[in-house]
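Here is the structure we will look at.
Chains as they are written, first to last, in my numbering: chain X, 1 to 308; chain S, 309 to 480.
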């Protein structure tokens, strides 16, 4: 059922499938043939739309579907096995990141660092702002380029189609398309949430588009896109943090960064979702116990969280 | 910059074909707008040389139309879901779009997993290589040690399942 076979004998739906399959080939060239087919019948465009949209959504799921997490939650083997294809993308991103640094070096990169519990608002020259969360490090590489080196930051970017703002986070390149977005970097987990506009992740590779109200989390080299309350994006800057399916160890690290108090947990299995007002936790870390349904105990100069 | 001028030249050379394509895709009165938006996308492309090719422009145009279709579809599904969930209620009570979106996203993941489980491991793996990695079918055939027609038939089954299951969800 390639488009070479007698198409008129198949239903429009079948023909649409065949075209979708054919045009996916990298060397597909029969664009005029596709146009002619679309023009031939009013039902063709609708069938083609339905097929392409379903496939595109499936692509997003597949590209984001993470490998099952190992029990020890160890993100090893990025470049191994079936994730090898990512290697090229990462290499490309690294080269690009490197190029921007060299290129912008004469203007001088500005580095900003926050201590745990501290936040910092940075105004960029073009009127964009970056609010940095605690325990974070950001390099501003130029008027339209920055690199998040650790932690989390909320970006409110003045959009310019001709000169998009590019953020490097870990190995990924995030390109804004009219945007308020929040990025968190923890190990090699990149967590992107978009409140307004859209962000394109690695335009040269996956070209994953993350729209307002969506969150893309990369674990073990794969992105998973989920819905997020756009009002909750960057809410840490308003004294609140939200976890979605985060392990106690991840929550402890987040709390440390946000409050400046030391939280630890060895538990990478128990996963929780919820939203916490930080003021309460700062005042008395024990309140976490009832908020999250966990046990919190003082230990040395910090707090240890274990599952109830 | 010279590359921008070349890119613009290439775009202008292809503009009529692109316009005809988006019209055939159902853009209607918005065709000119779509093609204008297409230019903005192309101009912002990271690799101007690749962006100057007809294939890149056509694929980008196709993607713009998919996005338009999706936006319209989501608005329709949201309205329907809201109408079903709240029969007869005044619309001054805000619906919960996030919950709807979360459910839709979860459904979508399940649908894809189900479809690929149904077509079997090889077809699922081939589908992934073809869609996500962009590997040509003849390379996939060599990689899996099967004939090109086997790759085609695996892909056709996977495509059909993905689309059928999605349609079943929409009609449910």
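From the three backbone atoms N, C-alpha and C, an ideal C-beta is built for every residue, glycine too. Please read all numbers here as calculations on a predicted model, not as lab measurements.
Reference residue i; option with closest CA among the options
{"i": "residue 237 (chain X)", "options": "X:182, X:222, X:172", "result": "X:182"}
{"i": "residue 125 (chain X)", "options": "X:235, X:307, X:144, X:25", "result": "X:144"}
{"i": "residue 468 (chain S)", "options": "X:285, X:114, X:52, X:292", "result": "X:52"}
{"i": "residue 139 (chain X)", "options": "X:119, X:276, X:148, X:133", "result": "X:148"}
{"i": "residue 247 (chain X)", "options": "X:292, X:27, X:128", "result": "X:292"}
{"i": "residue 205 (chain X)", "options": "S:441, S:464, S:445, S:470", "result": "S:441"}
{"i": "residue 17 (chain X)", "options": "S:466, S:316, S:357, S:313", "result": "S:466"}
{"i": "residue 311 (chain X)", "options": "X:155, X:50, X:33", "result": "Since the first residue of chain X shown is 1 and the last is 308, residue 311 (chain X) is not available in this structure."}
{"i": "residue 459 (chain S)", "options": "S:335, S:436, S:445", "result": "S:445"}
{"i": "residue 326 (chain S)", "options": "S:315, S:342, S:470", "result": "S:342"}
{"i": "residue 324 (chain S)", "options": "X:283, X:21, X:35, X:203", "result": "X:35"}
{"i": "residue 354 (chain S)", "options": "X:287, X:175, X:296", "result": "X:175"}
{"i": "residue 191 (chain X)", "options": "X:202, X:216, X:179", "result": "X:216"}
{"i": "residue 333 (chain X)", "options": "X:50, X:197, X:256", "result": "Since the first and last residues shown for chain X are 1 and 308, residue 333 (chain X) lies out of range."}
{"i": "residue 269 (chain X)", "options": "X:277, X:50, X:306, X:180", "result": "X:306"}
{"i": "residue 300 (chain X)", "options": "X:263, X:278, X:117, X:288", "result": "X:263"}
{"i": "residue 435 (chain S)", "options": "X:20, X:287, X:298, X:13", "result": "X:20"}
{"i": "residue 369 (chain S)", "options": "S:416, S:384, S:319", "result": "S:319"}
{"i": "residue 431 (chain S)", "options": "S:357, S:417, S:448", "result": "S:448"}
{"i": "residue 118 (chain X)", "options": "X:258, X:283, X:10, X:202", "result": "X:258"}
Proximity below 8 Å, CB of residue i to CB of residue j
{"i": "residue 250 (chain X)", "j": "residue 241 (chain X)", "result": "no"}
{"i": "residue 212 (chain X)", "j": "residue 230 (chain X)", "result": "yes"}
{"i": "residue 225 (chain X)", "j": "residue 195 (chain X)", "result": "no"}
{"i": "residue 115 (chain X)", "j": "residue 260 (chain X)", "result": "yes"}
{"i": "residue 31 (chain X)", "j": "residue 373 (chain S)", "result": "no"}
{"i": "residue 243 (chain X)", "j": "residue 290 (chain X)", "result": "no"}
{"i": "residue 153 (chain X)", "j": "residue 136 (chain X)", "result": "yes"}
{"i": "residue 199 (chain X)", "j": "residue 189 (chain X)", "result": "no"}
{"i": "residue 62 (chain X)", "j": "residue 48 (chain X)", "result": "no"}
{"i": "residue 456 (chain S)", "j": "residue 438 (chain S)", "result": "no"}
{"i": "residue 470 (chain S)", "j": "residue 22 (chain X)", "result": "no"}
{"i": "residue 474 (chain S)", "j": "residue 425 (chain S)", "result": "no"}
Backbone CA spacing between residue i and residue j [nearest angstrom]
{"i": "residue 451 (chain S)", "j": "residue 44 (chain X)", "result": "34 Å"}
{"i": "residue 265 (chain X)", "j": "residue 271 (chain X)", "result": "12 Å"}
{"i": "residue 157 (chain X)", "j": "residue 454 (chain S)", "result": "49 Å"}
{"i": "residue 24 (chain X)", "j": "residue 294 (chain X)", "result": "49 Å"}
{"i": "residue 111 (chain X)", "j": "residue 160 (chain X)", "result": "24 Å"}
{"i": "residue 281 (chain X)", "j": "residue 345 (chain S)", "result": "47 Å"}
{"i": "residue 106 (chain X)", "j": "residue 218 (chain X)", "result": "Because residue 106 (chain X) carries a pLDDT of 35, less than 50, the predicted location of this residue cannot be relied on, and the following value inherits that uncertainty. Their Cα atoms are separated by approximately 33 Å."}
{"i": "residue 308 (chain X)", "j": "residue 186 (chain X)", "result": "25 Å"}
{"i": "residue 150 (chain X)", "j": "residue 275 (chain X)", "result": "22 Å"}
{"i": "residue 351 (chain S)", "j": "residue 316 (chain S)", "result": "8 Å"}
{"i": "residue 89 (chain X)", "j": "residue 184 (chain X)", "result": "Low local confidence applies: a pLDDT of 43 at residue 89 (chain X) is under 50, so the model's placement there is unreliable, and no value is given."}
{"i": "residue 334 (chain S)", "j": "residue 167 (chain X)", "result": "35 Å"}
{"i": "residue 223 (chain X)", "j": "residue 347 (chain S)", "result": "28 Å"}
{"i": "residue 322 (chain S)", "j": "residue 359 (chain S)", "result": "12 Å"}
{"i": "residue 221 (chain X)", "j": "residue 171 (chain X)", "result": "10 Å"}
{"i": "residue 403 (chain S)", "j": "residue 285 (chain X)", "result": "Because the pLDDT at residue 403 (chain S) is just 39, under 50, the model does not fix this residue reliably, and the value given afterwards should be weighed accordingly. Approximately 35 Å, taken between the alpha carbons."}
{"i": "residue 296 (chain X)", "j": "residue 133 (chain X)", "result": "24 Å"}
{"i": "residue 337 (chain S)", "j": "residue 55 (chain X)", "result": "26 Å"}
{"i": "residue 312 (chain S)", "j": "residue 429 (chain S)", "result": "45 Å"}
{"i": "residue 329 (chain S)", "j": "residue 472 (chain S)", "result": "26 Å"}
{"i": "residue 278 (chain X)", "j": "residue 122 (chain X)", "result": "22 Å"}
{"i": "residue 14 (chain X)", "j": "residue 41 (chain X)", "result": "14 Å"}
{"i": "residue 287 (chain X)", "j": "residue 131 (chain X)", "result": "27 Å"}
{"i": "residue 164 (chain X)", "j": "residue 29 (chain X)", "result": "30 Å"}
{"i": "residue 476 (chain S)", "j": "residue 120 (chain X)", "result": "49 Å"}
Per-residue contacts from residue i into chain S (C-beta, under 9 Å)
{"i": "residue 158 (chain X)", "result": "Under the 9 Å cutoff, chain S gives no residues; its nearest Cβ is about 15 Å from residue 158 (chain X)."}
{"i": "residue 204 (chain X)", "result": "354, 355"}
{"i": "residue 268 (chain X)", "result": "None at all; the shortest Cβ gap to chain S is about 23 Å."}
Listed by chain order, chain S residues near residue i by CB distance under 7 Å
{"i": "residue 242 (chain X)", "result": "Those do not exist, as residue 242 (chain X) stays about 12 Å from chain S at its closest Cβ, beyond 7 Å."}
{"i": "residue 195 (chain X)", "result": "Here the premise fails: no neighbours, minimum Cβ distance about 13 Å."}
{"i": "residue 38 (chain X)", "result": "332, 333"}
Neighbour list for residue i in chain X, Cβ cutoff strictly below 7 Å
{"i": "residue 420 (chain S)", "result": "58, 61, 62"}
{"i": "residue 377 (chain S)", "result": "49, 53"}
{"i": "residue 348 (chain S)", "result": "161"}
{"i": "residue 416 (chain S)", "result": "57, 61"}
Proximal chain X residues relative to residue i, where beta-carbon distance stays under 8 Å
{"i": "residue 374 (chain S)", "result": "49, 52, 53, 56"}
{"i": "residue 351 (chain S)", "result": "161, 162"}
Per-residue contacts from residue i into chain X (C-beta, under 9 Å)
{"i": "residue 327 (chain S)", "result": "Chain X residues near residue 327 (chain S): none, gap ~10 Å exceeds 9 Å."}
{"i": "residue 362 (chain S)", "result": "29, 31"}
{"i": "residue 384 (chain S)", "result": "The premise fails here: residue 384 (chain S) is roughly 12 Å from chain X at the closest Cβ pair, so nothing lies under 9 Å."}
Partners in chain S for residue i, counting only beta-carbon separations shorter than 8 Å
{"i": "residue 35 (chain X)", "result": "325, 328, 329, 332"}
query: Given a limit of 7 Å on CB to CB distance, which residues of the region 429-452 of chain S reach chain X?
result: Taking 7 Å as the Cβ-Cβ cut-off against chain X, the residues of the region 429-452 of chain S that qualify are 436, 438, 439, 440, 441, 442, 444, 445.
Interfacial residues, the region 16-32 of chain X to chain S, with Cβ spacing under 9 Å: 16, 17, 18, 20, 21, 23, 24, 25, 26, 27, 28, 29, 31, 32
query: Any residues in the region 44-62 of chain X with a beta carbon nearer than 9 Å to a beta carbon of chain S? Which ones, in chain order?
result: 44, 45, 46, 48, 49, 50, 51, 52, 53, 54, 55, 56, 57, 58, 59, 60, 61, 62
message: Please identify, using Cβ separations under 8 Å, the residues of the region 451-470 of chain S that lie next to chain X, in order along the chain.
response: 460, 463, 464, 467, 468, 470
query: Of all the residues that make up the region 329-342 of chain S, which are near chain X by a beta-carbon distance shorter than 7 Å?
result: Cβ contacts with chain X come from 329, 332, 333, 334.
field: Positions along the region 167-200 of chain X whose CB lies within less than 7 Å of some CB in chain S
entry: none
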